[in-house]
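Structure follows, in structure tokens:
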């Protein structure tokens, strides 16, 4: 594997793991089959690209993108808990609606950021040019990897902390066994909405950073995102179950990152070996299938899907 | 304290078929009373508790994959406040319930201490920032559980499913009483315990409700518990209350007579 391909895969894996945290929260903490992320990932990207091109501060834009994902997730949650629409259907509804919303925002299927500033170029200017006085040149992908790694670690630690707070355990309980959570006076409906909203906020953040690194947004970029997220989450879960007999949240969130890396590198190696890009989704499906063949994982997803229909 | 007026509970299936589980139940319980529900299996004792603690609910039948709705009609008042319109989680602020299956109290994905921390905050505002399990709380839980003769020190972080049925019943009762409810509903919470532990649990239950003046509605199949601790006894059959023994009446009936009465009621159909 060439050094170029290696660092590109690293950037992709780190971007992926931000999104995978979103999938992790909805699928493994809330146990809600949330397909909204196929819509919120491009939503984050489209909002970012269109707002950056009109000259708004990229940091503010990133926050707006997270917020937009949060709102979309909230709508999915409300459709499920208040109007009793099955989880899968509710999320597909929002996902479908978001496709049009994305087109409205960008008014073009593809929108380019061009030479406008992104948070990465700002940080590149700040860290590399100002501090080191441009004495040494750092490859873009390496620099992106470092920044993204910092973001991923911060999100991981925040998530670990949150899951151990009073609301964190209430949320786990609400997702795992709503009946017993209700017996402990946990507002299950509210926490499920919050969980889906946080998950989609992270998906939108992933989309936003993706757009800022690739310098474009495409309304179709969300297609198949859920399967990418699931691949990473379930590879991670398979690893977790191999090393721990009991649930270990620190490792579970770490496994999401590892899963994302394993997945992206598997894809990168497959492409390196001369497979055409057309086979991309096929390879993804095969990887997910392999991860799902592990019995405990199969059990878990069955539970999630079944719950989605209630 | 607890007033039920004309409670009907209907289980509706998707086919339109429905079953009356409770029929026109009206009872009135005073504060601090220990009330027993007595009757054969399927007479609606647990359903009455469910009507009070949960109210309307719907769930999916695993066999047919169809939705089943439970509808509760009538008025349920606790301390003069109507609760039948309330969401079940709001009722949990002042009602505590131990169901037949103690695992219903706990989440499988949480450890023992996390489950207890969840129960500990039941009638308080939860926080987004505070850690749920602190050293102070951990010590408090250990002290509370070890009083019941369980060696728990090293098992606090165990998964809840690794405890035995009897241990779970003790833990479920402790979790239900870790903050003081207005109304406590117990459903055969001594069923899986051996005789010595069962007696210990009865005494603990009695001590708890006397200390905090908690009203208790207790379902059991053990006549000795009724005789020893009961103030008021309701006899139930096929969803209706057909007989009531008030505290005054109970004092006049000798214990052996009462046991005979209870046993004969279970047997006749």
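Residue numbers (the working numbering), protein chains in the order written: chain G, 19 to 328; chain X, 10 to 278. Every residue, glycine too, gets a C-beta built ideally from N, C-alpha and C. Remember, it's a predicted structure, so these values are computed and weren't measured experimentally.
Proximity below 8 Å, CB of residue i to CB of residue j
i: residue 108 (chain G); j: residue 98 (chain G); result: yes
i: residue 225 (chain G); j: residue 59 (chain G); result: yes
i: residue 177 (chain X); j: residue 187 (chain G); result: no
i: residue 215 (chain G); j: residue 95 (chain G); result: yes
i: residue 137 (chain X); j: residue 54 (chain G); result: no
i: residue 274 (chain G); j: residue 38 (chain G); result: yes
i: residue 8 (chain G); j: residue 170 (chain G); result: Shown here, chain G extends from 19 to 328; a query on residue 8 (chain G) therefore has no answer.
i: residue 98 (chain X); j: residue 203 (chain G); result: yes
i: residue 93 (chain G); j: residue 112 (chain G); result: yes
i: residue 29 (chain G); j: residue 162 (chain G); result: yes
i: residue 124 (chain X); j: residue 175 (chain X); result: no
i: residue 87 (chain X); j: residue 191 (chain X); result: yes
i: residue 76 (chain G); j: residue 237 (chain G); result: no
i: residue 248 (chain X); j: residue 53 (chain X); result: yes
i: residue 224 (chain X); j: residue 11 (chain X); result: yes
i: residue 68 (chain G); j: residue 137 (chain G); result: no
i: residue 48 (chain G); j: residue 210 (chain G); result: yes
Beta-carbon proximity list for residue i, same chain, < 7 Å, skipping 5 on both sides
i: residue 235 (chain X); result: 45, 47, 229, 242 and 271
i: residue 172 (chain X); result: 180
i: residue 23 (chain X); result: 75 and 76
i: residue 177 (chain G); result: 39 and 271
i: residue 60 (chain X); result: 16, 18, 31 and 81
i: residue 57 (chain X); result: 31, 34 and 46
Within chain X, the residues that residue i reaches when beta carbons sit closer than 9 Å
i: residue 199 (chain G); result: 98, 116 and 127
i: residue 182 (chain G); result: 123, 140, 141 and 142
i: residue 322 (chain G); result: Neighbours of residue 322 (chain G) on chain X: none; closest Cβ ~13 Å, over 9 Å.
Where residue i sits in the DSSP three-state scheme
i: residue 306 (chain G); result: helix
i: residue 18 (chain X); result: strand
i: residue 250 (chain X); result: strand
i: residue 229 (chain G); result: helix
i: residue 165 (chain X); result: coil
i: residue 145 (chain X); result: helix
i: residue 68 (chain X); result: strand
i: residue 100 (chain X); result: helix
i: residue 234 (chain G); result: strand
i: residue 195 (chain G); result: coil
i: residue 126 (chain G); result: coil
i: residue 101 (chain G); result: coil
i: residue 91 (chain X); result: strand
i: residue 335 (chain G); result: The displayed coordinates of chain G run from 19 to 328. Any statement about residue 335 (chain G) would go beyond what the structure contains.
i: residue 220 (chain X); result: helix
i: residue 250 (chain G); result: helix
i: residue 233 (chain X); result: helix
i: residue 124 (chain X); result: helix
i: residue 196 (chain X); result: strand
i: residue 155 (chain X); result: helix
i: residue 40 (chain X); result: coil
i: residue 297 (chain G); result: helix
Contacting residues, own chain, Cβ-Cβ under 8 Å from residue i (five flanking each side not counted)
i: residue 222 (chain X); result: 40 and 41
i: residue 100 (chain G); result: 207
i: residue 88 (chain G); result: 215, 216, 218, 219 and 222
i: residue 62 (chain X); result: 97, 100, 101, 104, 106 and 194
i: residue 303 (chain G); result: 245
i: residue 191 (chain G); result: 198, 199, 202 and 204
i: residue 38 (chain X); result: 10, 11, 12, 44, 224, 226 and 241
i: residue 239 (chain G); result: 59, 60, 63, 225 and 228
Residues that residue i contacts on chain X, provided the C-beta gap is smaller than 7 Å
i: residue 258 (chain G); result: Under the 7 Å cutoff, chain X gives no residues; its nearest Cβ is about 13 Å from residue 258 (chain G).
i: residue 292 (chain G); result: Chain X residues near residue 292 (chain G): none, gap ~44 Å exceeds 7 Å.
i: residue 194 (chain G); result: 116, 117 and 118
i: residue 255 (chain G); result: Simply none; closest approach about 13 Å.
Residues of its chain near residue i, where Cβ-Cβ distance is below 6 Å and the 5 sequence neighbours each way are ignored
i: residue 108 (chain X); result: 196
i: residue 288 (chain G); result: 301
i: residue 157 (chain X); result: 179
i: residue 49 (chain X); result: 275
i: residue 278 (chain G); result: 31, 34, 35, 38 and 250
i: residue 185 (chain X); result: 105 and 107
i: residue 128 (chain X); result: 184 and 187
i: residue 73 (chain G); result: none
The ligand GTP heavy atom lying under 7 Å from the CB of residue i
i: residue 98 (chain G); result: As for the ligand GTP, it is missing from this structure, which has no ligand bound.
Proximal chain G residues relative to residue i, where beta-carbon distance stays under 7 Å
i: residue 102 (chain X); result: 203
Beta-carbon neighbours of residue i, restricted to chain X and to distances below 8 Å
i: residue 185 (chain G); result: 135, 136 and 137
i: residue 133 (chain G); result: In chain order: nothing, as chain X lies at least about 40 Å away.
Contacts that residue i makes with chain G (C-beta to C-beta distance below 8 Å)
i: residue 131 (chain X); result: 202 and 203
i: residue 168 (chain X); result: 264 and 265
Chain-ordered chain G contacts of residue i [CB-CB under 9 Å]
i: residue 147 (chain X); result: Simply none; closest approach about 13 Å.
TODO: Can you check the segment 28-91 of chain G for any alpha helix (DSSP H) of at least 4 residues that lies completely inside it and give the ranges in chain order?
DONE: Counting only runs of 4 or more, we get 55-71.
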